[in-house]
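One structure is given below, encoded as structure tokens.
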């Protein structure tokens, strides 16, 4: 498995990956999450231009997973990490997260953060297994509060969500 920076030619594939990763949510009754649109090409391109979009590729150099992030309050905030269901359970997500961690360390940042569903097995329980811990509401930084407020506006708070952090 190879991880590399995303290219402009990858962006449409990343949208396809995102569409595919929505399907397992349907089985949990989270239809709105399953049907949610993938990130717009412009959003993906902004992360790519900022050097904060990575892909895991197969033997033909075709992306099978991706991660996008941004700096939020002196941490590297993972906005999305998605692994195509056909490539699941091979530690690809963890490898992408480790890549983001390496980037964050090189930039002098102290931690990774993300927001996630608490009751989805491949969300909060998975992140806890790879070193993330829950951030209490009173410990949220202004940037993380803004992200959570945006998620609430999008209706994601219909299901329990938390902020998680992994120290570097």
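Numbering (the working numbering), first residue to last: 1266 to 1433.
From the three backbone atoms N, C-alpha and C, an ideal C-beta is built for every residue, glycine too.
On a Cα-Cα basis, can you pick out the residue from the options that is closest to residue i?
i            : options                   : result
residue 1337 : 1418, 1425 and 1411       : 1411
residue 1395 : 1278, 1275, 1350 and 1429 : 1429
residue 1294 : 1362, 1423 and 1432       : 1423
residue 1316 : 1399, 1273 and 1404       : 1273
residue 1433 : 1325, 1339 and 1291       : 1339
residue 1358 : 1404, 1299, 1322 and 1417 : 1322
Buried or exposed: where does residue i fall if 16 or more other Cβ atoms within 10 Å of its Cβ makes it buried?
i            : result
residue 1341 : buried
residue 1355 : exposed
residue 1415 : exposed
residue 1318 : buried
residue 1296 : exposed
residue 1328 : buried
residue 1330 : buried
Express the C-alpha separation of residue j and residue i in angstroms, rounding to a whole number.
i            : j            : result
residue 1271 : residue 1402 : 33 Å
residue 1267 : residue 1333 : 16 Å
residue 1381 : residue 1283 : 15 Å
residue 1390 : residue 1275 : 29 Å
residue 1397 : residue 1377 : 8 Å
residue 1320 : residue 1420 : 28 Å
Answer with yes or no whether the minimum CB distance from residue i to chain D is below 7 Å.
i            : result
residue 1409 : The structure shown has no chain D; it contains just one protein chain.
Every unbroken alpha helix (DSSP H) inside the segment 1334-1420 [4 residues or more]: 1357-1371, 1389-1394 and 1407-1418
Check whether the segment 1401-1408 and the segment 1359-1367 touch, using three or more Cβ-Cβ pairs below 8 Å as the test. no
Three or more beta-carbon pairs under 8 Å between the segment 1275-1282 and the segment 1296-1311, yes or no? Remark: three or more beta-carbon pairs, one from each stretch, lie closer than 8 Å, so the segment 1275-1282 and the segment 1296-1311 are flagged as touching.
Going along the chain, which unbroken runs of the alpha helix (DSSP H) with 4 or more residues stay wholly within the segment 1271-1323? 1276-1292, 1296-1299 and 1306-1314
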